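Trainee: Shown below is the structure under consideration.
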Amino acid sequence: MFLHNKRISNQFRIILLILIIGCFVGCGAQKKNLSQIEDNDGIIVGFSQIGAESAWRTCNTRSVQDAAAERGVQLVYDNAEQKQENQIKALRSFIAYQVDVIVFVPIVKDGWDNVLQEARDAGIPVLVTDRKIDVEDQSLYAGFIGTDSLKEGRNAGLFVLDKFKDSCEQFDKTEEHINIVELYGTEGSSVALGRAEGFREVLDPHPEFRILYSKSGDFLRSRGYELAVEFLEMHEDIDVIYSHNDGMTLGAIEAMEEKGLVPGTDIVIITIDAQQAAIDALRDGKVNCVIECNPKTGPEIIQLAERLAAGETIPRLQYVHEEVFYETDDLSLIEPRGY
Ligand code: AHR
């Protein structure tokens, strides 16, 4: 039974939440935004976000917050600062408070069974968004909405295959490999796993391609820069950089330019997300392919949360619309990205 059916007043819930969160804050573990919690009849959604590691993430958070405000949904927002343990604490505080629905972006795929069982025991439906989870009992969450990371990885692989088709044809004669560097996302996250898997699925049958280097830059621009300094030092014959997000790509471009290399020409670059800076880099010829990962999922998330709060069943799996932007496209047609 969902909260709006429970005999507990919103006022009491607010006091309870302040006490619970006060405890977490007192323990130095959480940062909460309570200012938006009002004593009204709207549903209450606990939203556990990973952090603010990228422009994509900030846009995603804003999208959910704006959609909630528009629908009169009260959002209890928690920023986990890149730590799964913080997310688990946040989910527990949402359960203790008896929010109507929990929405969360799982930083990694595994390790959610226990806390989701607690949510189930408390009768709180859970919506997973952006990244997927692996739990033994799939019914522990109501549904998933977000990106298709396997498809993103496949699209990256297909672009590389097409870009280097001439070199592939000559490989029998030249035996020259196409050397790839991969800037990997957060270890254990479903999106990094999917992006890596889809890419390999396309390229593995083609021995012309060789992944020379693959390391996690945690989706951070600063790490992308550091890793690029490292791999450019280690290898002189890199043909492709496949980067799991724009932040890391922008860091790598900076490192390349410092070394006097021309990104997009000396090394082909494929990036995922499609924030404005990556589209600008595509227009400038510094990037060759941008694969969109859509962060503006707030309206759909809030609509699904409302349906769950009303006791409805939602689709198990929903992928959001995403595009691919190629260097050969008419780039003047791309609308401003807004982030
Ligand atoms: O989970 C989506 C990924 O996380 C985005 O590609 C990246 O930019 C973000 O931080």
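Using the numbering used here, the letters of the sequence shown map in sequence onto residues 2 to 340. By construction, the Cβ of each residue, glycine as well, lies at the ideal position given by its N, Cα and C atoms. Please read all numbers here as calculations on a predicted model, not as lab measurements.
For leucine 184, which residues does DSSP report across the bridge?
Mentor: Residue numbering aside, residue 184 sits at position 183 when the sequence shown is read from its first letter. Answer is Lys216, Ser244, bridged to leucine 184.
Trainee: Does the Cβ of asparagine 61 have 16 or more other Cβ atoms within 10 Å, making it buried, or fewer, making it exposed?
Mentor: Mapped onto the sequence shown, residue 61 falls at position 60. By the 10 Å Cβ count, asparagine 61 comes out buried.
Trainee: Note the first and the last residue of the continuous beta strand (DSSP E) segment covering isoleucine 294.
Mentor: Within the sequence shown, numbered from 1, the residue matching residue 294 stands at position 293. Looking at the sequence itself, residue 294 is cysteine, so the reference to isoleucine does not match. It is not in any beta strand (DSSP E) - cysteine 294 carries neither H nor E in the DSSP assignment.
Trainee: Cβ atoms of valine 127 and phenylalanine 145: under 8 Å apart, would you say?
Mentor: Translated into positions along the sequence shown, residue 145 becomes position 144. Translated into positions along the sequence shown, residue 127 becomes position 126. In this structure, valine 127 does not lie closer than 8 Å to phenylalanine 145 by Cβ.
Trainee: Return yes when the Cβ of glutamine 85 is within less than 8 Å of the Cβ of glycine 112, no when it is not.
Mentor: The count along the sequence shown starts at 1 and reaches residue 112 at position 111. The count along the sequence shown starts at 1 and reaches residue 85 at position 84. Contact: yes.
Trainee: Classify threonine 148 as helix, strand or coil using the three-state DSSP reduction.
Mentor: Reading the sequence shown from its first residue, position 147 is the one you call residue 148. Note: threonine 148 maps to coil in three-state DSSP.
Trainee: Check this for me: beta carbons of serine 244 and alanine 253, under 8 Å apart or not?
Mentor: Locating residue 244 in the sequence shown gives position 243, where the first residue counts as 1. Locating residue 253 in the sequence shown gives position 252, where the first residue counts as 1. Contact: yes.
Trainee: Any chance the CB of cysteine 60 is under 7 Å from a heavy atom of the ligand AHR?
Mentor: Here residue 60 is taken as the residue at index 59 of the sequence shown, counted from 1. Flag unset: Cβ of cysteine 60 not near the ligand AHR.
Trainee: So does asparagine 180 have its beta carbon nearer than 7 Å to some heavy atom of the ligand AHR?
Mentor: Within the sequence shown, residue 180 is the residue found at index 179, counting from 1. The answer is no for asparagine 180.
Trainee: Can you look up phenylalanine 326 in the DSSP assignment and give me helix, strand or coil?
Mentor: The residue given as residue 326 occupies position 325 in the sequence shown. The answer is strand: DSSP assigns phenylalanine 326 an E or B state.
Trainee: Just to confirm, does threonine 148 get its C-beta within under 7 Å of one of the non-hydrogen atoms of the ligand AHR?
Mentor: Numbered from 1 along the sequence shown, position 147 holds the residue referred to as residue 148. Yes, the beta carbon of threonine 148 sits closer than 7 Å to at least one heavy atom of the ligand AHR.
Trainee: From phenylalanine 160 to aspartate 274, what does the alpha carbon distance come to, in whole angstroms?
Mentor: Working through the sequence shown from its first residue, we reach residue 160 at position 159. Working through the sequence shown from its first residue, we reach residue 274 at position 273. Distance between the alpha carbons of phenylalanine 160 and aspartate 274: 16 Å.
Trainee: Check whether the Cβ atoms of cysteine 290 and glutamate 153 sit closer than 8 Å, and answer yes or no.
Mentor: What you label residue 290 is simply residue 289 of the sequence shown in a count that begins at 1. What you label residue 153 is simply residue 152 of the sequence shown in a count that begins at 1. It is not a contact, given that the beta carbons lie outside the stated cut-off.
Trainee: Among Glu198, Thr175, Ala279, whose alpha-carbon lies nearest the alpha-carbon of arginine 222?
Mentor: Residue mapping note: residue 222 aligns to position 221 of the sequence shown, counting from 1. Considering only alpha carbons, the answer is Ala279.
Trainee: Is glutamine 276 helix, strand or coil when you go by DSSP?
Mentor: Start at 1 with the first residue of the sequence shown, and residue 276 comes out as number 275. Coil.
Trainee: Drop a sphere of 10 angstroms on the beta-carbon of serine 36, count the other beta-carbons inside from all chains shown, and report buried for 16 or more, exposed for fewer.
Mentor: Locating residue 36 in the sequence shown gives position 35, where the first residue counts as 1. Caution applies to serine 36, whose pLDDT of 48 falls short of 50 and renders its modelled position unreliable; the value that the coordinates give is listed next. The residue in question, serine 36, is exposed, as its Cβ has fewer than 16 Cβ neighbours within 10 Å.
Trainee: Cβ of glycine 248 within 7 Å of any heavy atom in the ligand AHR?
Mentor: For the purposes of this step, residue 248 is taken as residue 247 along the sequence shown, with counting starting at 1. Yes, Cβ of glycine 248 sits closer than 7 Å to a heavy atom of the ligand AHR.
Trainee: Between the alpha carbons of asparagine 80 and serine 49, how many angstroms are there, rounded?
Mentor: Taking the first residue of the sequence shown as position 1, residue 80 is located at position 79. Taking the first residue of the sequence shown as position 1, residue 49 is located at position 48. Going from the Cα of asparagine 80 to the Cα of serine 49 covers about 6 Å.
Trainee: Whose C-beta lies closer than 8 Å to the C-beta of aspartate 67 among residues of the same chain, with five residues either side of it excluded?
Mentor: Locating residue 67 in the sequence shown gives position 66, counting from the first residue. Excluding residues within five positions, the ones whose Cβ falls inside 8 Å are Gly299.
Trainee: Output yes or no for whether 8 Å exceeds the beta carbon distance between glutamate 328 and leucine 283.
Mentor: The residue given as residue 328 occupies position 327 in the sequence shown. The residue given as residue 283 occupies position 282 in the sequence shown. Yes, these two residues count as a Cβ contact at 8 Å.
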